[in-house]
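Working notes, beginning with the structure itself.
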Amino acid sequence: MNLPIKVLGIGHYVPSKIVTNHDMEKIVETSDEWITSRTGIKERRKVTFEKTHDMAFLASKEAIKKAKINVQEIDLIICATITENKKTPSVANLVGGMLGIENNLMSFDINAACTGFIYALEIASSLIQEKKFRKALVIGAETITNILNYEDRNTCILFGDGAGAMVIEKGANKNLGYFYNSSRPDMNQVLDIGDKIKMDGRKVFLFAVDIIEKSINQVLKQSKMKLEDFDNVIPHQANERIISAVAKSMQVDKDFFFTNLQKYGNTSAASIPIALSEYKASNPKSSRLILVGFGGGFTFGAAIIEV
Ligand code: COA
């Protein structure tokens, strides 16, 4: 069963402070050449004054402006994050307050690591089907540089901060709103973010290449569509080499997979909505897309949407 949705607006916010690979060379023993060749990342953003909810709010404001709706029509906010600055109020709840929403509002955060945005989108899409909710705001926001271990060169070079947001309502197009979200708890030691990040990079890499293709195939099967029926894939922005390997295995051009990780690194749950927002800005015409992500847990998922 699919959950047809209409995307009304997408926005994003990234901090203005840029940390280049050359800046990272001053912090850990690494090089621009090593980082670029292993990951494709050239620079990332880092918060200065911003909290997670500040970025979530600014991304949401842009999404609402693009959606051209009255903010009071929003009655559901879900934020995917693993780096909220407070346990409660949730980021979603804080954003509701900053937006000045006065009506009934269900607001909560979810944690599905880097797959969080696709999980949140499925939950929101499901909740709006019964028309109990009119318009949902779905956010991915992370201040992940605050929890990095700057003595671990394996991980600290990979991540950056930012937020992306999307306004949706129930849609009529039955070809849209297919979701596949799942996890492999038996693999949860491969990427463990507690006080510190522990990661078996090679295992993550190999599993990601495999599960991205499988997740895409799951939504293609559900929708009875083919890869050729889509304009592009918007993948989680973790590593250019992971994306290239998937493209090669699926026998499509690498550019079929949109990337902006060169500028932002891996922004965890924010990576897909930031990429979507930039994609939409440069592709204003309607596009049919597959979103696909993976992350700690080990979580993974894919979705079919039109923006
Ligand atoms: N700069 C320079 N050298 C580094 C380095 C850095 N920042 N980080 C690691 N190295 C070294 C290692 O210590 C190792 O040296 P050694 O052989 O002397 O021990 C060498 O580079 C090779 O390391 P290796 O782990 O084989 O590199 P890799 O090709 O697997 O690339 C990652 C490492 C982390 C870039 C890659 O595994 C990866 O991207 N994995 C996925 C991670 C990910 O996406 N996580 C988020 C999921 S949401």
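All the letters of the sequence shown, read from the start, carry residue numbers 23 to 329 under our numbering. Glycine residues also receive a C-beta, built at the ideal position from the N, C-alpha and C atoms. Being a predicted model, the structure only gives us computed values, none of them experimental.
Is residue i near the ligand COA, in the sense that its beta carbon is under 7 Å from a heavy atom of that ligand?
i: L213; result: yes
i: L13; result: Given a span of 23 to 329 for the chain in the structure shown, any question on residue 13 remains unanswerable.
i: T42; result: no
i: C136; result: yes
i: F316; result: yes
i: F278; result: no
i: V113; result: no
i: F227; result: yes
i: V50; result: yes
i: T61; result: yes
i: R206; result: no
i: A8; result: No answer is possible for residue 8: the residues shown for the chain start at 23 and end at 329.
i: N261; result: yes
i: N288; result: yes
i: M221; result: yes
i: I140; result: no
i: N305; result: no
i: I265; result: no
i: R66; result: no
i: I57; result: yes
i: N176; result: yes
According to DSSP, is residue i helix, strand or coil?
i: E300; result: helix
i: L242; result: helix
i: F201; result: strand
i: G319; result: coil
i: N288; result: strand
i: A7; result: Given that the chain is displayed from residue 23 to residue 329, the structure contains no residue 7 and the question cannot be resolved.
i: E164; result: strand
i: G119; result: helix
i: K220; result: strand
i: Y172; result: coil
i: D183; result: coil
i: K157; result: strand
i: P207; result: helix
i: M46; result: helix
i: P295; result: helix
i: S308; result: coil
So is residue i in contact with chain D if we call contact Cβ pairs under 8 Å?
i: L98; result: Among the chains in the structure shown there is no chain D, since it carries only a single protein chain.
Kindly identify the DSSP beta-bridge partner or partners of residue i.
i: S129; result: I99
i: L313; result: I256, A325
i: I40; result: R67
i: K192; result: I27
i: F279; result: V255
i: I32; result: M188
i: L213; result: M221
Can you give, in chain order, each stretch of the alpha helix (DSSP H) that sits fully within the segment 49–113 and has at least 4 residues? Runs of the alpha helix (DSSP H) inside the segment 49–113: 54–61, 74–89.
Please determine if the segment 154–171 and the segment 285–297 are in contact, where contact requires at least 3 C-beta pairs separated by less than 8 Å. Yes, the segment 154–171 is in contact with the segment 285–297.
Would you call the segment 123–132 in contact with the segment 251–260, where contact means no fewer than 3 C-beta pairs closer than 8 Å? Contact between the segment 123–132 and the segment 251–260 is absent, with fewer than three C-beta pairs closer than 8 Å.
Counting beta carbon pairs with one atom in the segment 50–60 and one in the segment 82–89, are three or more of them shorter than 8 Å? Cβ pair count under 8 Å is below three, so no.
Does the contact criterion of 3 or more C-beta pairs under 8 Å hold for the segment 141–156 versus the segment 69–76? Cβ pair count under 8 Å is below three, so no.
Does the segment 188–204 come into contact with the segment 38–49, if we say contact requires no fewer than three beta-carbon pairs (one atom in each stretch) closer than 8 Å? Verdict: no, contact absent.
Evaluate the contact criterion for the segment 168–176 versus the segment 307–316: three or more CB pairs, one atom per stretch, below 8 Å. Short answer: they don't touch.
Can you find at least 3 beta carbon pairs, one from the segment 265–284 and one from the segment 201–209, that sit closer than 8 Å? Flag = no, the segment 265–284 and the segment 201–209 do not touch.
Given 8 Å, three or more beta-carbon pairs between the segment 315–323 and the segment 177–184: Cβ pair count under 8 Å is below three, so no.
Okay, do the segment 266–280 and the segment 230–244 touch, 3+ Cβ pairs below 8 Å being the bar? Contact between the segment 266–280 and the segment 230–244 is present, because at least three Cβ pairs lie under 8 Å.
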